[in-house]
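Here's the structure we're looking at; comments come further down.
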Amino acid sequence: MKMLPYSKYSAEELDDYIRNTSPESVKNSLRSNAPGFTDFLHFISPAAIPLLPELRESAAAVKRMYFGKTIRLYAPLYISSYCINNCVYCGFRSSYNHQRRRLNFDEIMNEAQIIKDMGHDSLLLITGEDPKGASVPFVAKCIRELKKKFSYINIEFYPMNENDYRTLFEAGCHGLTLYQETYDQELYQTLHLGGPKQDYMFRLNALAAGGRAGFYNLGMGALLGLNPNWRIEATNLAIHAMWIRKKFWRSRTQFSFPRITPTQGGFHVPAPVSDTELEQMMLAFRLFFRESDLFLSTREKHEFRTRMAEICASHLSAGSQVAPGGYQAFLDGQSLGQFTMNDQLSVTTVISDLKARGLEPVFKDWDLCFSA
Ligand code: SF4
């Protein structure tokens, strides 16, 4: 188990420190007005578990301070389920024989219109690594057209070089999300069995390439359930984020917390992360990365998502479909997907439940005048 090159400490040292944190240290960290990295370690420690009510209260106060009552809604749009990578946990992996689909330009616009008709104004474009179906020029052309309809476009694609990222940024895409999946390099190699994704360092460095290309929002995360030590995974994520924040201080850091859910083709989750563990992790990120956006997708149950929206999450997807053509298929009475969704409620229902908790769901948090 190794830490990122940016870390001054070894994984063993950090793990030892986290496990030996005392409840008094957690209480002291909760009293801090500007928690640092050491406080973050306290928040994710086992000693913080009995203090979760206090962590919730502090995190909710921080969320109110930076975001008010707002909670931003967005929707994913899948372009292609073709993929040249072989990630053992994914239903789109190259070795799994299933019906794949890549959308053409008109089909993408059709999906986008269905999403727009739900009320959405922020779009997350997602694709497998499909050089034929989701090439940079093709995606740039789509983004230029989609930008006429949506205020904000984010991508969750395969890693690219700086020039390709700049092409997409200049087309009108302003957010980049790239999960490292796991920061444990040895574990990473056992999970990625084919394709360019086997290159751990290229993936790790790609977010910085996006930062140099100018992306305003840089999103990161790890796929939870892969690493038996979620606390070290969270620590590496925080270290990566601190490095990104220091180098690209004009960009906003964002975090996602995807837990593995069942996929087509089956995958045994080696180290499931419980609701309480996920909550503790999210609270720690809210308390340390105060101004950053925290995302929760429809992988999570509705009740959990709305509760997290009250105390720490700032962005929720809603009414999502997680396969290319999924929105049209849903209207036609079919169901497709990259992973199992646990919140399949409509956008209208999500909004009314958030409002019932005193929150203000918003579709738009970005304007074209900022992207001139
Ligand atoms: S996780 Fe991404 S890169 Fe890996 S197989 Fe699935 S779509 Fe392809």
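Convert by adding 745 to the 1-based position in the sequence shown; the result is the number in the numbering used here.
No residue lacks a Cβ here, since even glycine has one placed at the ideal position from N, Cα and C.
Is residue i helix, strand or coil when you go by DSSP?
i	result
residue 972	coil
residue 789	coil
residue 967	strand
residue 832	strand
residue 1117	Confidence at residue 1117 is low in this model, with a pLDDT of 45, below 50, so the placement of that residue is unreliable and no value is reported for it.
residue 980	helix
residue 809	helix
residue 777	coil
residue 847	strand
residue 1111	coil
residue 1018	coil
residue 764	helix
residue 750	coil
residue 838	coil
residue 1047	helix
residue 985	helix
residue 949	helix
residue 955	helix
residue 784	helix
residue 862	helix
Bridge partners for residue i per DSSP, in chain order?
i	result
residue 820	868
residue 1104	DSSP, once it has assigned bridges, lists no residue as partnering residue 1104.
residue 895	DSSP output for residue 895 lists no bridge partner at all.
residue 758	DSSP, once it has assigned bridges, lists no residue as partnering residue 758.
residue 900	870 and 921
residue 1038	999
residue 1097	Answer is none; residue 1097 lacks a bridge partner.
residue 1061	818 and 1041
residue 771	Paired residue(s): none; residue 771 is not in a bridge.
residue 962	920 and 997
residue 825	847
residue 852	Residue 852 pairs with nothing; no bridge assigned.
residue 1004	969
residue 907	Per DSSP, none; premise fails for residue 907.
residue 926	967
residue 937	832
Nearest chain C C-beta to residue i closer than 8 Å, yes or no?
i	result
residue 768	Considering every chain present, this structure includes no chain C. It has just one protein chain.
Quick test of your reading: residue i and residue j, contact by CB under 8 Å. State the CB separation rounded to the nearest angstrom.
i	j	result
residue 1057	residue 1031	4 Å
residue 968	residue 1017	Not a contact, Cβ separation roughly 12 Å.
residue 928	residue 981	4 Å
residue 902	residue 956	With 8 Å as the limit, residue 902 and residue 956 do not qualify as a contact, their Cβ atoms being about 15 Å apart.
residue 953	residue 910	Residue 953 to residue 910, Cβ: 10 Å. No contact.
residue 960	residue 914	6 Å
Taking C-beta to C-beta, are residue i and residue j nearer than 8 Å?
i	j	result
residue 821	residue 1059	no
residue 917	residue 831	no
residue 759	residue 796	no
residue 771	residue 782	no
residue 762	residue 1012	no
residue 1027	residue 987	no
residue 1055	residue 1104	yes
residue 1069	residue 847	yes
residue 1050	residue 1061	yes
residue 817	residue 774	no
residue 1015	residue 971	yes
residue 792	residue 766	yes
residue 907	residue 1073	no
residue 898	residue 870	yes
The region 857-870 / the region 894-910 touching (three or more Cβ pairs under 8 Å): yes
Sufficient close CB pairs (3 or more, under 8 Å) joining the region 941-957 to the region 1089-1107: Under the Cβ criterion (8 Å, minimum of three pairs), the region 941-957 does not count as touching the region 1089-1107.
Three CB pairs or more closer than 8 Å across the region 964-984 and the region 916-923: yes
Touch test, the region 989-999 against the region 1043-1053, Cβ-Cβ under 8 Å, three pairs minimum: no
Validate contact between the region 794-812 and the region 871-891 using beta carbons, cut 8 Å, 3 pairs: no
At least three beta-carbon pairs within less than 8 Å, the region 835-847 to the region 813-827: yes
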